[in-house]
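In the working numbering, the protein residues as written are 90 to 545.
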């Protein structure tokens with residue numbers, strides 16, 4: 090009996106001393122949630138990350154990362170991890186950390202099993218997008234020619250595009266401004282197309298040209314200038330994150346990055362068809378080529394996939410490979426689709442009709458073209474690059490060097506043959522002399538030693 094009583098007392102000592110569960114929540118915990126959390130995680134405020142804390146059903150279903158609270162599991166509950174500020178990527182409230190007293194109240198609440206008497210359904214749902222419905226949006230439909238609108242000032246439009254502008258102006262009760270004077274127009278078009286103001290000579294030539302083709306000549310001249318390609322290629326370079334260095338935590342000089350830069354400038358300068366422009370940058374190494382110059386251009390275009398902020402220092406090679414592919418998928422999305430695809434690495438897109446399977450479909454194709462040599466036990470990885478095809482200038486220089494080399498080699502071979510012939514002749518003369526010497530020695534009379542008698 091005494092032993093049972095002792096065990097009962099020890100059990101009481103081990104029980105947490107806490108106020109009544111529901112009263113504790115209503116009096117202590119709920120005010121903290123209302124003050125610190127409801128602005129961003131309630132139906133009256135916002136539901137950021139898909140998480141609502143204004144009902145038990147809200148935190149049980151959780152948000153984008155799953156249930157916010159695991160009753161009785163303090164260390165495993167995401168809410169506690171967030172308010173403790175132990176993870177740089179998970180800190181709530183985002184502006185400042187909770188006071189220690191409020192943090193302890195939340196920890197105690199979860200330890201008690203997270204009692205929450207709020208039973209009313211709040212309609213907490215995951216924020217998901219209907220992929221099929223989303224893909225019916227006009228932005229994802231093939232491009233078509235819309236009907237040209239009717240306008241009141243029929244004499245103002247010079248082409249169908251002007252009618253769209255004028256129709257919108259008239260709908261808002263506005264009218265077009267007067268045409269710009271010739272100098273203003275020249276300055277605007279020069280800055281728009283090349284980023285450079287017109288020179289005095291260009292101004293004088295345009296002002297003096299009163300023909301009907303004066304404006305057309307100016308535009309053609311600007312479009313054919315190298316400055317046009319240089320100006321507009323800069324915008325594409327921004328999309329690719331172009332730099333003359335590679336890496337993030339550590340960087341190395343990108344020796345051949347300039348080739349991709351020049352490829353873009355030339356593409357704009359020559360008005361390369363956009364469909365060809367896209368194919369070359371994503372899969373230029375797979376495209377057929379009719380000449381070494383075209384092959385060089387196709388290979389250079391694939392620099393799109395690796396220029397710029399690409400990590401090449403990472404002990405975990407599998408992670409680095411996945412990060413490379415993610416960078417490439419993100420570039421393709423931003424540059425060619427005008428969409429962010431990086432978030433689809435972990436889940437379906439929350440705003441656009443892009444599924445997780447779409448992301449990994451693209452990633453799987455890109456994985457077939459490794460970007461680096463992944464050294465198994467090292468930190469650094471070397472670039473896995475195709476040898477750059479020669480430019481026409483480089484080809485001509487190499488061919489000249491090879492021709493000079495062949496000429497020198499032929500001359501040296503001739504000299505070698507001459508020396509070999511002389512060597513052979515000298516060897517034959519030496520052999521003849523040696524033979525003659527041996528013959529003479531054999532024919533000579535041997536000298537005998539005569540013994541003189543002693544006089545003694």
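We treat Cβ as the ideally placed atom computed from N, Cα and C, and that holds for glycine.
Given the structure is predicted, the values throughout are model-derived calculations rather than measurements.
Residue 179 in three-state terms, based on DSSP: In this structure, residue 179 counts as strand in the three-state DSSP scheme.
In chain order, what residues of the same chain have a beta carbon less than 6 Å from the beta carbon of residue 302, not counting five sequence neighbours either side? Taken in chain order, the list of residues that qualify is empty.
Could you tell me the alpha carbon to alpha carbon distance between residue 525 and residue 513, rounded to whole angstroms? The straight-line gap separating the alpha-carbon atoms of residue 525 and residue 513 is approximately 18 Å.
May I ask you to report which of helix, strand or coil DSSP gives residue 127? For residue 127, the secondary structure class from DSSP, reduced to helix, strand or coil, is coil.
Distance CB(residue 288)-CB(residue 393) smaller than 9 Å: Going by C-beta atoms, residue 288 is not nearer than 9 Å to residue 393.
Under a Cβ-count criterion, where at least 16 other Cβ atoms within 10 Å of its own Cβ denotes burial, should residue 518 be classed as buried or exposed? Around the CB of residue 518, fewer than 16 other CB atoms lie within 10 Å, so the residue is classed as exposed.
Determine the closest residue to residue 326 out of 352, 315, 312, with distance taken between C-alpha atoms. Among 352, 315, 312, the Cα nearest to that of residue 326 belongs to 352.
I'd like to know whether the C-beta atoms of residue 345 and residue 315 end up nearer to each other than 9 Å. Their beta carbons are not under 9 Å apart, which means residue 345 does not touch residue 315 by this criterion.
DSSP-derived helix/strand/coil call for residue 423: Three-state DSSP puts residue 423 in a helix.
Quick check: the Cα distance between residue 200 and residue 138, rounded to an integer number of angstroms? Cα-Cα distance, rounded: 25 Å.
In the DSSP output, which residue or residues are listed as bridge partners for residue 334? In the DSSP output, where bridge partners are listed per residue, residue 334 has 342.
Whole alpha helix (DSSP H) elements within the segment 380-467, 4-residue minimum: Complete alpha helix (DSSP H) runs here, min 4: 381-390, 406-421, 445-456.
Output the boundary residues of the alpha helix (DSSP H) element that contains residue 367. Looking at the DSSP string, the run of the alpha helix (DSSP H) that includes residue 367 is 363-372.
Between 420, 459, 400, 114, which lies nearest to residue 341 when the distance is taken from Cα to Cα? Cα-wise, what sits closest to residue 341 is 400.
Own chain, CB closer than 6 Å to residue 227, minus 5 neighbours either side, in chain order: There are no such residues.
Endpoints, the alpha helix (DSSP H) within which residue 324 is located: Where residue 324 is concerned, the enclosing alpha helix (DSSP H) stretches over 315-329.
Considering only residues of the same chain and omitting the five flanking positions on each side of residue 412, which have a CB-CB separation below 8 Å? Same-chain partners within the cutoff: 400, 403.
Based on DSSP bridge pairs, tell me the residues matched to residue 152. Residue 152 pairs with 155.
Does the beta-carbon of residue 272 have 16 or more other beta-carbons within 10 angstroms, so that it is buried, or is it exposed? Answer is exposed; the Cβ neighbour count stays below 16.
Could you give the C-beta distance for residue 111 and residue 204, rounded to a whole number, given that I count them as a contact under 8 Å? Residue 111 to residue 204, Cβ: 5 Å. Contact.
Which class does residue 218 belong to by DSSP, given the choice of helix, strand or coil? DSSP places residue 218 outside both helix and strand once states are collapsed to three, so it counts as coil.
Please determine if the segment 182-198 and the segment 158-174 are in contact, where contact requires at least 3 C-beta pairs separated by less than 8 Å. As far as the Cβ criterion goes, the segment 182-198 touches the segment 158-174, which means the pair count is three or higher.
What number of angstroms, rounded off, separates the C-alpha of residue 125 from the C-alpha of residue 119? About 10 Å.
Ranges of the alpha helix (DSSP H) found wholly within the segment 211-299, counting only runs of at least 4: The segment 211-299 is shown to contain whole alpha helix (DSSP H) runs of 4 or more residues at 220-223, 249-260, 271-283, 289-297, in chain order.
So residue 278 packs on residue 307, CB below 8 Å; how close in whole Å? Going by Cβ atoms, the distance from residue 278 to residue 307 rounds to 6 Å, so yes, they are a contact pair.
So, using beta-carbon positions, are residue 318 and residue 356 closer together than 9 Å? With contacts defined by Cβ atoms closer than 9 Å, residue 318 and residue 356 form a contacting pair.
At least three beta-carbon pairs within less than 8 Å, the segment 379-394 to the segment 478-486: Yes, since at least three Cβ pairs between the segment 379-394 and the segment 478-486 fall closer than 8 Å, the two stretches touch.
Would a C-beta distance cut-off of 9 Å place residue 242 and residue 221 closer than the cut-off? For residue 242 and residue 221, no; Cβs fall outside 9 Å.
Which one of 528, 458, 442 has the shortest CA to CA distance from residue 230? Of 528, 458, 442, the residue nearest in Cα terms is 442.
Alpha carbon to alpha carbon, how far is residue 182 from residue 196? Give it in angstroms, no decimals. Taking the Cα positions, residue 196 is about 16 Å away from residue 182.
Verify whether the separation of the beta carbon atoms of residue 122 and residue 143 is less than 9 Å. Residue 122 places its beta carbon less than 9 Å from that of residue 143.
Quick one: using the 10 Å Cβ neighbour count with 16 as the cut-off for buried, is residue 390 buried or exposed? When all chains shown are included, residue 390 counts as buried.
Select from 322, 374, 405, 494 the residue whose C-alpha is nearest the C-alpha of residue 424. In this structure, 322 is the residue among 322, 374, 405, 494 with its C-alpha nearest to the C-alpha of residue 424.
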